[in-house]
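Student: Have a look at this one before I ask anything.
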Amino acid sequence: EVNWIPPAIYKSSCSIDVMYFPFDQQTCEMKFGSWTHKGTTLKYSFYLNMDKLDLTDYLKSGSWDIIDCPGRIVTLTDDVTGDEKEQIVFKFVLR
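In structure tokens form, the structure reads like this:
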């Protein structure tokens, strides 16, 4: 069992709809997983069953507030090999 907390700054982009700015709410997803390990050798779980992002060390932006960030574990099946892989997907809800 490993608890992995990598120090990192993640950059991502997603489509947004600003029709109702500044009263809009945006949703973006970030996916994390292994490209090399199958689901039989690498299983993800949430630390202490916390399935939301811990925002303790989050530095607020002047542009966006993170309203919510639930996470889920998804199992994918490779169309060619039939191998299963897991991903952790975080859904950022921004305002």
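Every position in the sequence shown, counted from 1, becomes a number in my numbering once 444 is added. Using N, Cα and C, we set each Cβ at its ideal position, and we do this for glycine too.
Using a Cβ cut-off of 8 Å (strictly closer), state whether TYR464 contacts chain C.
Tutor: You won't find chain C in this structure, because it holds only one protein chain.
Student: Assess contact between the stretch 445-462 and the stretch 492-502, defined as three or more Cβ pairs (one per stretch) separated by less than 8 Å. Is contact present?
Tutor: Touching, no.
Student: Classify LEU538 as helix, strand or coil using the three-state DSSP reduction.
Tutor: Within the sequence shown, the letter at position 94 stands for residue 538. Of the three classes helix, strand and coil, the one that applies to LEU538 here is strand, per DSSP.
Student: Assuming LYS535 contacts GLY483 under a Cβ cut-off of 8 Å, what Cβ separation, rounded to an integer in Å, is found between them?
Tutor: Along the sequence shown, one-based indexing puts residue 535 at 91. Along the sequence shown, one-based indexing puts residue 483 at 39. Not confirmed; about 21 Å, so no contact.
Student: Using the DSSP secondary-structure output, state which residues sit across from PRO450 in a beta bridge.
Tutor: The count along the sequence shown starts at 1 and reaches residue 450 at position 6. The partner list for PRO450 (beta bridge, DSSP) is empty, contrary to what the question assumes.
Student: Short check: CB of ILE510 to CB of TYR502, under 8 Å?
Tutor: The residue given as residue 510 occupies position 66 in the sequence shown. The residue given as residue 502 occupies position 58 in the sequence shown. A contact, by the Cβ cut-off of 8 Å.
Student: Excluding the 5 residues flanking VAL518 on each side, which residues of the same chain have their C-beta closer than 6 Å to its C-beta?
Tutor: Mapped onto the sequence shown, residue 518 falls at position 74. The residues are GLN531, VAL533.
Student: Under a three-way DSSP split, which group does LEU520 fall into?
Tutor: Here residue 520 refers to the residue found at position 76 of the sequence shown. In the structure shown, LEU520 sits in a strand (DSSP, three-state: E or B).
Student: Ignore the nearest five residues each way along the sequence and tell me which others in ARG516's own chain have a CB closer than 6 Å to its CB.
Tutor: One-based indexing of the sequence shown puts residue 516 at position 72. Around ARG516: VAL533.
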